[in-house]
Amino acid sequence: MGVKEVPLPTYFIEGPSASAEAKYGSVVPGGDVFPKCTYLGPGGLELVGKLTVGFLSQRHTDKDIEKIVEPASSSTFLGADIFLSTDWGQGVAAGYDLSAMGVRDAAGTGSSTVADLAVVLRPRYHFAARPGIYFQRPPYKNHASKPKSKLSHVTRFLSLAPASVAKEKARKWLHAISIEPIPYMTLAALVDEPADVTESPYSVFRTAGMASHKWEGSGGQGEAGRRTCPPASLPTTCNVVSRTMEWWLEFGSRRERILPSSPLRGTRRHARPWMPGASPLAVLACG
Numbered sequence: 168m169g170v171k172e173v174p175l176p177t178y179f180i181e182g183p184s185a186s187a188e189a190k191y192g193s194v195v196p197g198g199d200v201f202p203k204c205t206y207l208g209p210g211g212l213e214l215v216g217k218l219t220v221g222f223l224s225q226r227h228t229d230k231d232i233e234k235i236v237e238p239a240s241s242s243t244f245l246g247a248d249i250f251l252s253t254d255w256g257q258g259v260a261a262g263y264d265l266s267a268m269g270v271r272d273a274a275g276t277g278s279s280t281v282a283d284l285a286v287v288l289r290p291r292y293h294f295a296a297r298p299g300i301y302f303q304r305p306p307y308k309n310h311a312s313k314p315k316s317k318l319s320h321v322t323r324f325l326s327l328a329p330a331s332v333a334k335e336k337a338r339k340w341l342h343a344i345s346i347e348p349i350p351y352m353t354l355a356a357l358v359d360e361p362a363d364v365t366e367s368p369y370s371v372f373r374t375a376g377m378a379s380h381k382w383e384g385s386g387g388q389g390e391a392g393r394r395t396c397p398p399a400s401l402p403t404t405c406n407v408v409s410r411t412m413e414w415w416l417e418f419g420s421r422r423e424r425i426l427p428s429s430p431l432r433g434t435r436r437h438a439r440p441w442m443p444g445a446s447p448l449a450v451l452a453c454g
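Note that this note's numbering has the sequence shown beginning at 168, numbered continuously upward.
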């Protein structure tokens with residue numbers, strides 16, 4: 168493969184085109200394929216620096232889903248900062264006409280498993296690659312069934328097109344965000360709702376009887392099994408880039424800080440030196 172070097176610490180999950188093992192040899196979750204380039208794994212919930220990152224590739228097993236559900240169901244879980252998945256959550260585009268982009272059934276496009284995990288994780292940002300188009304819906308609420316005193320943060324969903332030299336807006340593959348880790352935010356800032364916020368597309372989709380309420384199989388491996396979907400548990404600068412179907416996270420310098428009372432205690436923590444203020448982060452989808 169030759170010696171490779173990346174300018175920033177990089178984290179990735181595999182896409183559907185080929186397994187990480189097939190591309191990079193004997194790589195294990197949490198291992199580096201080359202210096203500063205770390206394979207997160209097929210699925211899980213990790214602390215990457217100060218950010219809580221959930222991730223699910225197309226190739227995953229039931230155990231990988233459990234690695235997300237178990238800590239996310241803890242009463243101390245505040246929600247994920249970022250959720251990376253190969254597929255959309257089924258129903259996230261319900262009510263949108265995306266036929267001009269080649270998506271005939273927008274409401275039915277995506278994975279019901281990813282949708283269930285999005286409900287459990289309550290990510291502030293959810294990035295997905297397939298079906299390979301740029302699509303950004305308005306932020307949606309995560310507290311439809313909660314009383315006003317228990318408001319939660321909103322989720323912003325973005326799907327990115329494959330990286331291209333073209334600069335068409337419809338094929339956007341780079342997106343910059345500014346995100347403060349949830350435990351470091353004030354409650355007022357965390358629960359602030361933009362004017363264009365909507366109800367959760369997943370609750371609306373399921374109310375219409377169009378989506379499953381149970382975990383279904385596990386992506387590209389075809390493992391069977393259905394189990395009851397568990398209920399949802401009680402400025403870093405970044406660029407988001409999509410190439411094909413594989414997600415990458417690139418972090419600038421940061422120092423490690425273990426969050427107190429974290430349900431992720433005991434899991435891997437991918438920490439880099441950190442400096443106060445905004446730090447660069449990039450998420451890429453590569454085939």
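Even for Gly, the Cβ is constructed at its ideal location relative to N, Cα and C. Please read all numbers here as calculations on a predicted model, not as lab measurements.
Taking only the alpha-carbon atoms, compute the straight-line gap between residue i and residue j and give it to the nearest angstrom.
i           : j           : result
residue 298 : residue 180 : 17 Å
residue 203 : residue 323 : 28 Å
residue 261 : residue 273 : 6 Å
residue 286 : residue 209 : 19 Å
residue 281 : residue 232 : 10 Å
residue 289 : residue 279 : 15 Å
residue 302 : residue 284 : 20 Å
residue 351 : residue 245 : 11 Å
residue 359 : residue 320 : 7 Å
residue 330 : residue 343 : 15 Å
residue 363 : residue 234 : 33 Å
residue 255 : residue 326 : 8 Å
residue 309 : residue 172 : 40 Å
residue 296 : residue 265 : 15 Å
residue 242 : residue 248 : 17 Å
residue 353 : residue 346 : 13 Å
residue 197 : residue 215 : 11 Å
residue 338 : residue 365 : 25 Å
residue 206 : residue 348 : 22 Å
residue 220 : residue 267 : 32 Å
residue 228 : residue 199 : 22 Å
residue 291 : residue 223 : 16 Å
Check for me: the beta strand (DSSP E) holding residue i runs from which residue to which?
i           : result
residue 177 : 177-179
residue 300 : Segment: none, residue 300 is in no beta strand (DSSP E) and carries neither H nor E.
With DSSP as the reference, identify every bridge partner of residue i, one or two as the case may be.
i           : result
residue 288 : In the DSSP output, where bridge partners are listed per residue, residue 288 has none listed.
residue 307 : 322 and 365
residue 248 : Answer is none; residue 248 lacks a bridge partner.
residue 359 : Answer by DSSP bridge pairing: none, since residue 359 is not bridged.
residue 258 : Bridge partners of residue 258: none, in fact.
residue 295 : 252 and 326
residue 278 : 256
Let's test the definition: count the other Cβ atoms within 10 Å of the Cβ of residue i and tell me whether it reaches 16, buried, or not, exposed.
i           : result
residue 259 : buried
residue 334 : exposed
residue 212 : buried
residue 305 : exposed
residue 177 : buried
residue 193 : exposed
residue 239 : buried
residue 276 : buried
residue 271 : exposed
residue 236 : buried
residue 427 : Interpretation of residue 427 is limited by its pLDDT of 35, a score under 50 that renders its predicted location unreliable; no figure is taken from the coordinates.
| In chain order, which continuous runs of the beta strand (DSSP E) of length 3 or greater are located wholly inside the segment 322-353? | Scanning the segment 322-353 from its first residue to its last, the whole beta strand (DSSP E) runs of 3-plus residues come out as 323-326 and 341-346.
| request: Mind listing, in chain order, the continuous beta strand (DSSP E) runs of no fewer than 3 residues lying wholly within the segment 192-233? | output: 199-201, 204-206, 210-215 and 218-223
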